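A.B. asks:
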Amino acid sequence: MNGYRFKGHIRLARYAVGLSVVFALMGLSALASDRLETIRLPETGRFPENVTSTSDGTLFVSSIADGGVLRIGAGGATATAFLKPGDYGTRSTFGLLTDEKSGILWVASNDATAIGARGPTATEGAWVKAFDLATGALKQSVRLPGDRALANDFALDPQGALYVTNTFAPQILRLKPGAAAFEVFVEDPALAKGLDGIAFGSDGNIYVNTFMGGEFFRIAVKDGVAGPVTKLETTQPLKFPDGLRAFGDSFLMVEGSGALSRITVSGNWAKLEPLGRFAGPTGVTVAGGRIWVSEGQLGLLSEPAKDGREAPSFHLRSIGID
């Protein structure tokens, strides 16, 4: 997709998502209080873009506006800086994924000025960086290829290879263990409308969504090789689909319009089961027996500060797993 055209679509999307934030906030009151837990993020965690977790319940949160990565201990302990804004040349932080087997936190860092976020540094391009989960030390830094790239979300295969969606190109890129550069795993014009969330299904295939297209795809995978790209029919329209994670034999997905859903795939059909509504959700993870959602409220990025108006607050909210 032409980069300038994509920027225009993103601006329109922000307005649409901004309106949805109001309705989502109203809908939060409809959730039973015994099912909802909330963590308010500090001022250094505005506009969270993604959330991931470890098996002990620790949460990690990125920030499209401020950069850096927050770490929140199990049970909602005080947020601390796992990665300070601008450290190691990072800029706006997007996708996050923990790889506990390798002791790594994967972080996507981008120049996101095209979508209204300048970030804490002037680093150009799209980068994927690996940090030691225990110490926070930088272990690897790899730039995405091409002049137009935005590293969005991650998935890992059983061999430890990392897959990343390129939102500015119809590409899924792969970084094999020990490799120093990404390779193009799949490139298909069907994926041109803003690749975003990505996850491996229990069938071994890759599933992705497109933020602008409101689409859900399956990419067949056999012996580490990409096969056909199939657009799946959904039981209800998707509106700015974003974070996607495997959940047993199904998936969890949030949409910028407010929805959190469980998705079950059968053949070329994807059934959506609504689980709750949130304020501009951007990411989802499971930790401590709960489903946690980052409320990015990205529709507010384009709104200038106004005298006398209270600055928006940003949260992680969760619901219990039934």
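110 is the number of the first residue of the sequence shown in my numbering; add one for each residue after it. Ideal Cβ placement from N, Cα and C applies to all residues, glycine included. Please read these numbers as outputs of a predicted model, since none were measured by experiment.
#1: D220 to A235, Cα distance in whole Å?
#2: Considering only the beta carbon of each residue, do L353 and L265 sit closer than 8 Å?
#3: Grab the span of the beta strand (DSSP E) containing D262 for me, first residue to last.
#4: What is the DSSP secondary structure of A133, reduced to helix, strand or coil?
#5: Give me the Cβ distance between T319 and L304, rounded to the nearest whole Å; I'm assuming they're in contact under 8 Å.
#6: Kindly identify the DSSP beta-bridge partner or partners of L284.
#7: Going by C-alpha distance, which of G176, A335, G323 and F326 is nearest V293?
#8: Note down the Cα distance separating R283 from T274, rounded to an integer number of angstroms.
#9: Mind checking who D241 pairs with in its DSSP beta bridge?
#10: Does the Cβ-Cβ distance between A188 and L179 come in under 8 Å?
#11: Quick one: what's got a C-beta closer than 6 Å to N261's C-beta in the same chain, skipping five residues either side?
#12: Using 8 Å as the threshold, is the C-beta distance between T343 and L381 below it?
#13: Can the beta-carbon of P346 be found less than 8 Å from the beta-carbon of A368?
#14: Any idea which residues DSSP pairs S422 with across the strands?
#15: Which same chain residues, not among the five before or five after T161, have their C-beta less than 7 Å away from its C-beta?
#16: Give the secondary structure of D196 by DSSP, where H, G and I count as helix, E and B as strand, and everything else as coil.
#17: Based on Cα-Cα distance, which residue from G269, G287, K285 and V295 lies nearest to P279?
#18: What are the residues that DSSP puts in a beta bridge with Q249?
#19: DSSP three-state call for A299: helix, strand or coil?
#20: Go ahead and pull the three-state DSSP assignment for A329.
#21: Could you check how far apart the C-beta atoms of A355 and G310 are, in whole angstroms? I think they sit under 8 Å.
#22: What's the C-alpha gap between A217 and D431?
#23: Which residues in the same chain have their Cβ closer than 6 Å to the Cβ of G269, if we skip the five residues on either side of it in sequence?
#24: By Cβ distance below 6 Å, which residues in the same chain neighbour A329 in space, the five residues on each side in sequence not counted?
#25: Taking the beta carbon of D351 as the centre, do at least 16 other beta carbons fall within 10 Å, making it buried, or is it exposed?
#26: Would you give the residue range spanned by the beta strand (DSSP E) that P350 belongs to?
C.D. replies: Concretely, from the data shown:
#1: Their backbone Cα atoms lie some 6 Å apart in a straight line.
#2: Not a contact, by the Cβ cut-off of 8 Å.
#3: Per DSSP, D262 belongs to the beta strand (DSSP E) from A260 to L265.
#4: With a pLDDT of 45 at A133, under the threshold of 50, the modelled position of that residue is not reliable, and no figure is offered here.
#5: Correct: roughly 6 Å between the Cβ atoms.
#6: For L284, which the question treats as bridged, DSSP gives the partners L271.
#7: Residue A335 is the option with its Cα nearest to V293.
#8: Near 9 Å, if we compare the C-alpha coordinates of T274 and R283.
#9: I213, per the DSSP bridge assignment.
#10: For A188 and L179, yes; Cβs fall inside 8 Å.
#11: Excluding positions up to five away in sequence, the list reads F203, G204, T274, T276 and D305.
#12: The answer is yes: Cβ separation under 8 Å.
#13: Cβ distance not < 8 Å, so P346 and A368 don't count as in contact.
#14: According to DSSP, S422 bridges with nothing at all.
#15: Correct list, in chain order: F169, L205, L206, T207 and T394.
#16: D196 sits in a helix when the DSSP states are folded into three classes.
#17: Here the closest residue by C-alpha is V295.
#18: For Q249, which the question treats as bridged, DSSP gives the partners A239.
#19: Helix.
#20: Note: A329 maps to strand in three-state DSSP.
#21: Going by Cβ atoms, the distance from A355 to G310 rounds to 7 Å, so yes, they are a contact pair.
#22: Approximately 32 Å, taken between the alpha carbons.
#23: Within the same chain, G269 has close Cβ partners P286.
#24: Exclusion of the five residues before and after A329 leaves N314, G336 and P337 as the residues of its chain whose Cβ lies within less than 6 Å of its Cβ.
#25: Residue environment: D351 is assigned as buried (16 or more neighbouring CB atoms within 10 Å of its CB, all protein chains considered).
#26: DSSP places P350 in the uninterrupted beta strand (DSSP E) bounded by P350 to F356.
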